[in-house]
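Structure first, then comments.
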Amino acid sequence: MSTESGSFGDWLRRQRELREISLRDIAERTKISLRYLEAMEADRFDLLPAPIFAKGFLREYARYVGLSPDDVVNHYLSVHHPEELADPKEDTKVRSRPKVVEPGPTPMRRTWSWGLLLALAGLVLLVLVAVLAWFVDHRHREPTNVNQAPPIAAPPPVQIAVPPPSPARPTPPPPSAPIQVSLDFNKDCWVEAVSDGGRNRLAELRIQGESMQLEAQRSLTLTLGNAGVVDMRVNGYPFPLNKKDGEVVKNLVVDLDTVQTLKAKQEVH
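If you number the sequence shown the way our numbering does, the last residue is 805 and the count never jumps.
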């Protein structure tokens, strides 16, 4: 890609004007502030809230205008940060964040579990040996009389075991909202969420390794700029998005019927 003439911001503006798209249209659809869009076309990337937002904003800008997000970001780096293109591995090292890994059993934990089982088995064996030794010693100490008839033991009284009343199960606390959505991000992703028909609204960029918790009373509408890197759960049930890296999901509605459907599928399996 070549800017032909002028700066990188001039090139962005020309690409937008060739497609007859206004900055206000981009701001309304991508939820990026009009002031930040104007700063990018003026090469004033120092006015953005943080350097990492430049790449996210440029990707959203490119997708809406119809350009390749990767080409636009690489073009921006070649003009403003050529040192990042000199060593792609170094850029990956800086941008990467520790991946969120669900806790699982470790070899140390498994070793500790086997040790506990062996200790319990040894304790049970010691108790059995002690009981057997006491029984043998008690039999040896009892006087024996051959002529004496063994006493007839009276039958033990019949006792009916009455099970104790089961304690009342504590009632779990009610959920804070009927609809609870959790999002885990494996890479950068733009998120827009509207709950209960516009009662609450948010739009922001989430980066790799972050999580987001959303709640609603009746419905939640989601737009994900990079749905292929998002792990989504609704009220604790997995919600497969079935998207690839870079694909966009618009106006995804999660309501009470969605919760009931996921719950029914979980009970069947």
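C-beta atoms are modelled at their ideal positions from N, C-alpha and C, and glycine is treated no differently.
Taking the Cα of residue 725 as reference, the smallest distance to any Cα among 789, 592, 750 is reached at 592. Pairing residue 584 with residue 590 gives a Cβ-Cβ distance under 9 Å. Under the 10 Å beta carbon count, residue 771 is surrounded by 16 or more other beta carbons and is classified as buried. Taking C-beta atoms as the reference points, residue 597 and residue 576 count as a pair closer than 9 Å. Listed as beta-bridge partners of residue 721 by DSSP are 766. Residue burial annotation: residue 740 is exposed, with fewer than 16 other C-beta atoms found within 10 angstroms of its C-beta. Your pair residue 758 and residue 713 does not check out as a contact, with CB atoms roughly 15 Å apart and the cut at 8 Å. Around the beta-carbon of residue 659, fewer than 16 other beta-carbon atoms lie within 10 Å, marking it exposed. Residue 716 and residue 798 have their alpha carbons spaced roughly 13 Å apart. The residue from 548, 755, 549 with its alpha-carbon nearest to that of residue 731 is 755. Take the alpha-carbon of residue 663 and the one of residue 721: they are about 54 Å apart.
Distance check between residue 805 and each of 774, 785, 794 places 774 closest, using alpha-carbon atoms only. Around the beta carbon of residue 544, 16 or more other beta carbons sit within 10 angstroms, so the residue counts as buried. Residue 570 has its alpha-carbon roughly 34 Å from the corresponding atom of residue 776.
When the five nearest sequence neighbours on each side are left out, the beta carbons in the same chain lying within less than 8 Å of the beta carbon of residue 785 are those of 758, 759, 760, 763, 777, 779, in order along the chain. In this structure, residue 765 and residue 801 do not form a Cβ contact; the two beta carbons are roughly 24 Å apart against a cut-off of 8 Å. In this structure, residue 573 places its C-beta atom within 9 Å of the C-beta atom of residue 563. Its Cα nearest to that of residue 548, the residue 602 stands out among 742, 602, 667. In this structure residue 719 touches residue 768 by the C-beta definition: roughly 6 Å separates them, less than 8 Å. C-alpha of residue 550 to C-alpha of residue 803: approximately 55 Å in a straight line. Within a 10 Å sphere around the beta-carbon of residue 667 sit fewer than 16 other beta-carbons, which makes this residue exposed. In the structure shown, residue 774 falls within a strand segment according to DSSP collapsed to helix, strand and coil.
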